[in-house]
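> Residue numbers for the sequence shown follow the UniProt record's numbering, beginning at 1 and rising by one.
Next up is a structure, given as structure tokens.
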Amino acid sequence: MRALLRLLNQLEEAVIALLLVTMTLLVFFEVVLRYGFSTGLTWGQEGTLYLSAWFVLFGVSYGLKVGAHIAVDFFVRLLPPLAQRLLSLVAVTLALVYCGLFIYGGWIYLAKMQKIGIELEDIPVPTWVADGILVVGFGMLSARLLILFWKIARGETTGFGHHDEAEDSLELAAAIRNQASQNQASQHQAGQNQVEGQGA
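Structure representation (structure tokens):
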């Protein structure tokens with residue numbers, strides 16, 4: 001199970017990195033061609049659109065893993081841990097139902113597109129292949145949700161593990177203040193050393 005999880009993590013990170021690099025390079029070349037040579041790639045915009053869609057839908061699953069999604073959990077945090085876990089289990093179950101509906105609808109859509117045989121407008125790729133991220137992305141999200149459900153049910157966590165933005169902001173502000181104080185102290189010390197050096 002752990003080996004499978006490690007493989008899923010590595011696959012997600014590798015695909016997200018590859019998509020981001022490819023999308024960035026494609027946009028860069030498109031800008032250079034357009035503004036430097038008054039030309040462009042006929043398929044550049046559509047390629048960027050699909051790459052960004054794949055990036056976002058892969059990123060949703062990865063975001064759940066690292067706790068990057070935003071949550072309004074002010075009232076939930078006031079509850080005892082058991083109640084937090086129960087509410088989190090309900091939330092995960094509802095999210096799984098949503099993913100299941102999306103996968104089912106996406107599968108029907110992809111089957112129809114495959115049967116019709118339509119290709120993308122500018123890229124000779126079947127639409128059902130390009131839109132396959134609908135099933136892949138929500139499938140990966142479902143896997144993450146099942147893992148989270150298992151962790152909550154076993155008492156390893158009480159919820160989704162979101163970052164507390166207020167806490168993060170306060171910690172960042174404190175770190176900035178500390179850095180500013182250290183900079184002032186080192187500048188003051190350097191000034192004193194310079195004055196002493198001139199006096200000598």
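Even for Gly, the Cβ is constructed at its ideal location relative to N, Cα and C.
Within its chain, find whatever has a CB closer than 6 Å to the CB of Phe138; leave out the 5 residues flanking it on each side and keep chain order.
For this step, residue 138 is matched to residue 138 along the sequence shown. Answer for Phe138: Cys99, Phe102 and Ile103, listed in chain order.
> Drop a sphere of 10 angstroms on the beta-carbon of Gly47, count the other beta-carbons inside from all chains shown, and report buried for 16 or more, exposed for fewer.
The count along the sequence shown starts at 1 and reaches residue 47 at position 47. Buried, since its Cβ has 16 or more Cβ neighbours within 10 Å.
> Rounded to whole angstroms, what's the CA-CA distance from Gly105 to Gly132? Just pull it up for me.
By 1-based counting over the sequence shown, the position of residue 105 is 105. By 1-based counting over the sequence shown, the position of residue 132 is 132. Their backbone Cα atoms lie some 12 Å apart in a straight line.
> Helix, strand or coil, according to DSSP, for Pro126 in the structure here?
Here the question's residue 126 lines up with position 126 in the sequence shown. Looking at Pro126 - three-state DSSP - the assignment turns out to be strand.
> Quick check on Glu119: does DSSP put it in helix, strand or coil?
For this step, residue 119 is matched to residue 119 along the sequence shown. Correct three-state label for Glu119: strand.
> Report buried or exposed for Arg177, applying the criterion of at least 16 other Cβ atoms within 10 angstroms of its Cβ.
Numbered from 1 along the sequence shown, position 177 holds the residue referred to as residue 177. Exposed.
> Since Ala17 is in the alpha helix (DSSP H), which residue starts that stretch and which ends it?
Along the sequence shown, one-based indexing puts residue 17 at 17. Element bounds for Ala17: Arg2 to Phe37.
> Please classify Leu78 as buried or exposed, where buried requires at least 16 neighbouring CB atoms within 10 angstroms.
Position 78 of the sequence shown, counted from the first residue, corresponds to residue 78. Classification of Leu78: exposed, given that the 10 Å Cβ count is below 16.
> In this structure, how does DSSP classify Arg154 when only helix, strand and coil are distinguished?
For the purposes of this step, residue 154 is taken as the residue at position 154 of the sequence shown. Note: Arg154 maps to coil in three-state DSSP.
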